[in-house]
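Residues in the sequence shown are numbered from 829 upward in steps of one, following the numbering used here.
Just so you know, even glycine gets a beta-carbon here, dropped at the ideal spot from N, CA and C.
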Amino acid sequence: MDGYLGNFFEYTGQIVSLGSAVAVWLALTALGAVVVGRHRIREATVLYGWAVVSFAFTTLGVFTPVPFTYVAVGFAGLAVVAGVVTVRRGEALLPEGSLRIALLAAPLLVLVSAMVASQWDEFSDWLISPRLLLTLDTFPDDSNKHLSGTLAAYPYGWHYVTYLVSRLAGRLVENAGALVNVFLLLTFGLVAVRLIREGLSREDEATKPGWGLLALGALLATLLNPTFHQKIVLTSYADTSTAVCIGVGGVLGWRMLDALARGKLGEANRLALQIGLVMLVLVNLKQATVVLFVLVVGAVLLAGLRDPAIRIRDLAKTVPALILPAIVIYGVWRYHLTTALSGAELTVRPFDQWNIDLIPQILWKMLVVFSKKGAYLALMVVAVGFAVRAMIRIRTPLDRLAIIVGAVFIGYNAFLLFAYVSAFGQADALRVASFWRYNMHLGALGVAFAAYGLGMLWKDRVPKRFKEKRLAWLPVALILIAPLVFAHKLRFDRHPPVPHFRAVGAGVAEIIKPGDKLFVLDPKGSGESAVITRYEMATTAALKGYIGAFHQHSLATFRTIFHERGFSHILVHSWTPEVIQVLGMELKDHASTLLKSDGKGSWTVQGTWNRP
């Protein structure tokens, strides 16, 4: 469907995609409810279930030959039983406000259900790896990792989500990650609502949060979140799930410290276990999240050590539950990498190749990036300021939360500086590659600090005679209208040239036969066209290489490609005069052309796709 409505209703398969994602979400929630029990923070229930599933898939995949399909079917049955048990014991499966916040976000959810993959990293890794899981029904190893993504050795905790949704739908669901990302943010919006109510000292009231407050929570997690970026959130990237795990882990740690300060040791130990499960999910998402695990747990312990109301002995007793689940899953995956799947990870370079002399320039670039993100920087500066004060003397629960947020922020950016110096090449280090994207991992934690602080500020500064219900319509209107107004911007997957590259790649996949050798020629492009072509080709044929704007464009280079490398096909997305000179024939401008070799040095056009 073209035009404006096509942003929301594009193909009938989006109903299956959304339904499958909701079903997996409910299954994970049911499992988490039974595993943790009644005394759980309900907003984090889905993460507890995810932890159980992540642990089972990882350990069974590493140590046994059990196909993942059997594991998925087994968990589906267990989830049904868990849901029945939860309901029969009188508990709500979903946290309070879930259905209403989903209704408020319905326009956004419908829009996301119509989306397809469009980002470089999706085509190079975040969708190729789960697609390979569907094919192999187990983890890749050194014999087939070349069929996987560029980060084949990354943990697969995030890929399980796309795998489960796709297995249920009967096909690869490209927007499974985007849908679950929105679910995660809306759930964290409920966490923000809880924190606002606690800041207002109303959490224990019998009244349920109203529509206005729920809409505000949804906005804090999305539109008002200073780290919200549609090309990260509405994709298969694991950055949003990382941010939510950090945010939830920090909030749970803060509540655990409060329980310890009140002498509620049983409650504190139960919260410690819940933190441990969330940290298990975090560590199994990406390679570097083990650092974030250390920082979150370390920050919680730091805040506990600085609080005179908390006994060190009681705090120490929570440590095993905090760290053991993550350590175990990390150890299992490292064992797999040692024995079956090597390489495809970011590694520390030899010391003599470190960018030590570039540290001043790297720091300056980091500051430049921060200067362009004023809202995020201001929020974190305030949090760090409160944290410094709290390190001297803790006065309120906000001080404990500030120490957690401030310590994680400072520690993570110190780690990023270390990574730029020790693991990145000079060019990437000087441009502080993906620095802002990495800081998005801390967005939910910052929102938690802002939400609780907002509640306290409202309680202390706003006259009691003022009725906040007068403003309830504003956040409701914003969360409903924003996706309608910004639909074109949110549907970046429809923006050229990606749809053209995808259509060409799919067309080429139908022409190429097994055994053919394809090369992509795009000397005016970034290389994105080649990555997309490889994705669309799937297992039909092997892409043997490409040339983009950053490669050599000499006559000798093109002679080698056309006459010496033995390619059966060359896909031309753009060309230069040197290409025409070597090829000896004219090519259509503003079009993609598939050339076929006759094996004797001549080429014929086998397909042409005009650019829209």
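Which residue's Cα is closest to the Cα of A942: R1319, L1099, L1422, W954? As a first step, residue 942 must be located in the sequence shown, where it is residue number 114. The residue with the shortest Cα to Cα distance from A942 is R1319.
Tell me which same chain residues have a C-beta within less than 7 angstroms of the C-beta of E950, skipping the five on either side of it? Taking the sequence shown and counting its residues from 1, one reaches residue 950 at position 122. Within the same chain, E950 has close Cβ partners T1063, S1064.
Have a look at V1407 and H1391 and give me their C-alpha separation to the nearest angstrom. Position 579 of the sequence shown, counting from 1, holds the residue named residue 1407. Position 563 of the sequence shown, counting from 1, holds the residue named residue 1391. The straight-line gap from Cα to Cα measures roughly 12 angstroms.
Name the residue from T963, L1014, V915, K1059 whose alpha carbon lies nearest to the alpha carbon of A945. By one-based count along the sequence shown, residue 945 stands at place 117. Ranking the options by Cα distance to A945, first place goes to K1059.
Residue range of the alpha helix (DSSP H) that A1272 falls in? On the sequence shown, position 444 is the one that residue 1272 refers to. Run containing A1272: 1271 to 1289, per the alpha helix (DSSP H) assignment.
Please classify T1050 as buried or exposed, where buried requires at least 16 neighbouring CB atoms within 10 angstroms. Numbered from its first residue, the sequence shown carries residue 1050 at position 222. Buried, by the Cβ-count rule.
Shortest alpha-carbon distance to P1124 belongs to which of F1198, F1237, G1045, A1215? Here the question's residue 1124 lines up with position 296 in the sequence shown. What sits at residue 1124 in the sequence shown is Val, not Pro. Nearest of F1198, F1237, G1045, A1215 to V1124, Cα basis: F1237.
Cα separation between V864 and L1052? Looking up residue 864 in the sequence shown gives position 36. Looking up residue 1052 in the sequence shown gives position 224. Looking at the two C-alpha atoms, the distance is approximately 32 angstroms.
Starting from Q1434 and walking both ways along the alpha helix (DSSP H), at which residues does that stretch end? Along the sequence shown, one-based indexing puts residue 1434 at 606. Q1434 -> not in any alpha helix (DSSP H); beta strand (DSSP E) instead, spanning 1431 to 1438.
Once DSSP output is grouped into helix, strand and coil, what is the label at L1000? Locating residue 1000 in the sequence shown gives position 172, where the first residue counts as 1. DSSP places L1000 in coil when its eight states are reduced to three.
Which residues bound the beta strand (DSSP E) around H1328? The residue labelled residue 1328 in the question sits at position 500 within the sequence shown. Premise fails: H1328 lies in the alpha helix (DSSP H), 1326 to 1339, not in any beta strand (DSSP E).
Element boundaries [beta strand (DSSP E), containing F1347]: Taking the sequence shown and counting its residues from 1, one reaches residue 1347 at position 519. 1345 to 1349 is the span of the beta strand (DSSP E), which, as asked, contains F1347.
So the alpha helix (DSSP H) K1193 belongs to, where does it begin and stop? Counting from 1 along the sequence shown, the entry for residue 1193 is found at position 365. First-last of the alpha helix (DSSP H) with K1193: 1187 to 1199.
From S1250 to V1111, what does the alpha carbon distance come to, in whole angstroms? On the sequence shown, residue 1250 is found 422 positions in, with the first residue counted as 1. On the sequence shown, residue 1111 is found 283 positions in, with the first residue counted as 1. Rounded to whole angstroms, S1250 to V1111 spans 21 angstroms at the Cα level.
Kindly indicate which residue of L1415, A1377, S926 has the alpha-carbon position closest to the one of K1036. As a working mapping, residue 1036 is identified with position 208 in the sequence shown. Measuring from the Cα of K1036, the nearest candidate turns out to be S926.
Is the Cβ-Cβ distance between G1077 and V1106 less than 7 angstroms? As a first step, residue 1077 must be located in the sequence shown, where it is residue number 249. As a first step, residue 1106 must be located in the sequence shown, where it is residue number 278. Yes, the pair counts as a contact, with Cβ atoms nearer than the cut-off.
Whole-angstrom distance between L937 and L1113, CA atom to CA atom: Counting from 1 along the sequence shown, the entry for residue 1113 is found at position 285. Counting from 1 along the sequence shown, the entry for residue 937 is found at position 109. If I take the Cα positions, the gap works out to 23 angstroms.
7 angstroms CB neighbourhood of L1244 in its chain, flanking five on each side removed: Position 416 of the sequence shown, counted from the first residue, corresponds to residue 1244. Closer than 7 angstroms at the Cβ level, and outside the excluded window around L1244, lie F1263, Y1266.
Taking the continuous alpha helix (DSSP H) assigned at T1385, which residues delimit it? As a first step, residue 1385 must be located in the sequence shown, where it is residue number 557. T1385 -> alpha helix (DSSP H) spans 1383 to 1391.
I'd like to know if the region 1038 to 1048 and the region 916 to 932 are in contact, where contact means that at least 3 CB-CB pairs between them fall below 8 angstroms. yes
Distance check for Q1254 and R1177, CA to CA, integer angstroms please. Position 349 of the sequence shown holds residue 1177. Position 426 of the sequence shown holds residue 1254. Spanning the two alpha carbons is a distance of roughly 12 angstroms.
Could you tell me the distance, in whole angstroms, from the CA atom of G1376 to the CA atom of D1350? One-based indexing of the sequence shown puts residue 1376 at position 548. One-based indexing of the sequence shown puts residue 1350 at position 522. Straight-line Cα distance between these residues: approximately 5 angstroms.
Which word fits L1383, buried or exposed, when buried means at least 16 other C-beta atoms lie within 10 angstroms of its C-beta? Residue 1383 sits at position 555 when you count from the first residue of the sequence shown. When all chains shown are included, L1383 counts as exposed.
Same chain, Cβ closer than 7 angstroms to K777, five either side skipped, listed in chain order: As shown, the chain starts at 829 and ends at 1440. That puts residue 777 outside it, with no answer to give.
Can you give me the C-alpha to C-alpha distance between E1033 and G831, rounded to a whole angstrom? Within the sequence shown, residue 1033 is the residue found at index 205, counting from 1. Within the sequence shown, residue 831 is the residue found at index 3, counting from 1. With a pLDDT of only 49 at E1033, under the threshold of 50, the placement of this residue in the model should not be trusted; the figure read from the coordinates follows. Approximately 47 angstroms, taken between the alpha carbons.
Do the region 958 to 969 and the region 987 to 1004 touch if we need at least three Cβ pairs shorter than 8 angstroms? yes
In this structure, how does DSSP classify Y832 when only helix, strand and coil are distinguished? Locating residue 832 in the sequence shown gives position 4, where the first residue counts as 1. Reduced to three states, the DSSP call for Y832 is helix.
Can the beta-carbon of S994 be found closer than 7 angstroms to that of L964? To locate residue 994, count along the sequence shown from 1; it is residue 166. To locate residue 964, count along the sequence shown from 1; it is residue 136. Not in contact: S994 and L964 (Cβ atoms no closer than 7 angstroms).
Along the chain, which unbroken stretches of the beta strand (DSSP E) at least 3 residues long are found entirely within the region 1043 to 1130? none
Local conformation of A942 per DSSP, three classes: The count along the sequence shown starts at 1 and reaches residue 942 at position 114. It is coil, neither helix nor strand.
DSSP three-state label for G1373, please. For the purposes of this step, residue 1373 is taken as residue 545 along the sequence shown, with counting starting at 1. Of the three classes helix, strand and coil, the one that applies to G1373 here is strand, per DSSP.
Is it buried or exposed, I1398, if we count other Cβ atoms within 10 angstroms and call 16 or more buried? Translated into the one-based positions of the sequence shown, residue 1398 becomes position 570. So I1398 counts as buried.
Take G1081 as the anchor and find which of A1071, T1068, T1070, L1101 has the nearest alpha-carbon. Locating residue 1081 in the sequence shown gives position 253, counting from the first residue. Minimum Cα distance to G1081 is reached at L1101.
Quick one: what does DSSP say S1262 is sitting in, helix, strand or coil? Reading the sequence shown from its first residue, position 434 is the one you call residue 1262. Of the three classes helix, strand and coil, the one that applies to S1262 here is coil, per DSSP.
Pair within 7 angstroms by beta-carbon distance, L1451 and P1311: No answer is possible for residue 1451: it lies beyond the span of the chain, which begins at 829 and ends at 1440.
Assuming T1441 and A1096 are in contact, meaning their beta carbons sit under 8 angstroms apart, how far apart are those beta carbons, in whole angstroms? In this structure the chain extends from 829 to 1440, so residue 1441 is not present and cannot be described.
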